[in-house]
Every structure is written in structure tokens, then in C-alpha cells.
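**Q**
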Amino acid sequence: MDDWRTFEFYLPSTLSPTEATSELRRRVLIAAADGGEFVRQFRIADRERHAKGWIRWTAGYLPGPPRIGRFQRATAEA
Numbered sequence: 001m002d003d004w005r006t007f008e009f010y011l012p013s014t015l016s017p018t019e020a021t022s023e024l025r026r027r028v029l030i031a032a033a034d035g036g037e038f039v040r041q042f043r044i045a046d047r048e049r050h051a052k053g054w055i056r057w058t059a060g061y062l063p064g065p066p067r068i069g070r071f072q073r074a075t076a077e078a
């Protein structure tokens with residue numbers, strides 16, 4: 001069974017869907033790195049209007065094995 005790590009984040013409702021997704025991904029990557037884990041998969045599970053001007057998002061990641069990303073691979077090959 002997969003062991004997703006989930007978090008709740010509060011973001012301004014003025015963010016576009018693209019901006020919100022980008023910010024959620026950034027926060028999840030930071031949380032994973034702080035925990036010493038790598039992200040195999042990222043997901044946004046839910047969103048709910050919380051208070052005037054805010055949306056509560058539930059997002060998370062599935063931990064995975066360490067790997068070299070595109071940026072590091074390109075740098076290592078240079």
C-alpha cells in the first residue's frame with residue numbers, strides 16, 4: 001500500500017489554478033526535502049474555501065527513491 005504524505009496549505013483565493021499548483025508543488029518539495037525524502041509523485045487531493053480570500057488545499061507526495069533530476073543530469077554530463 002502506498003504511503004502518501006499529506007499536508008494542508010492555505011493560499012490566497014486570488015491565485016490562478018496554475019499559480020496555486022506551482023506554489024503547492026514548491027511547498028511539498030520543501031516539506032519532502034526537510035524530511036530527507038524524495039518525491040516520486042505529487043498530487044492535489046482537495047480544495048475548500050476556508051475564509052474570505054483564502055482556500056485550504058490538501059496536497060501531498062508519495063516518497064520515492066533518490067534519483068538524478070533533469071537539471072542535475074544535464075550538469076553532470078557537461
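The numbering of the sequence shown is UniProt numbering, which starts it at 1 and goes up by one. Here a beta-carbon is modelled for each residue, glycine too, at the ideal position from N, C-alpha and C.
Let me know if tryptophan 57 comes out buried or exposed under the rule of 16 or more other beta-carbons within 10 Å of its beta-carbon.
**A** As a working mapping, residue 57 is identified with position 57 in the sequence shown. So tryptophan 57 ends up on the buried side.
**Q** I'd like the list of long-range same chain contacts for threonine 14, defined as Cβ closer than 8 Å, with 5 residues on each side in sequence excluded.
**A** To locate residue 14, count along the sequence shown from 1; it is residue 14. Excluding positions up to five away in sequence, the list reads Gly53.
**Q** Just verifying my parser: in three-state terms, what is the DSSP assignment at proline 66?
**A** Position 66 of the sequence shown, counted from the first residue, corresponds to residue 66. Coil at proline 66, not helix or strand.
**Q** Out of Tyr61, Glu8, Phe7, state which residue places its alpha-carbon closest to the alpha-carbon of glutamate 37.
**A** Sequence index remark: in the sequence shown, residue 37 carries index 37 (1-based). Considering only alpha carbons, the answer is Tyr61.
**Q** Inspect the beta-carbon positions of alanine 59 and valine 28 and report whether they are closer than 7 Å.
**A** For this step, residue 59 is matched to residue 59 along the sequence shown. For this step, residue 28 is matched to residue 28 along the sequence shown. Cβ distance < 7 Å, so alanine 59 and valine 28 count as in contact.
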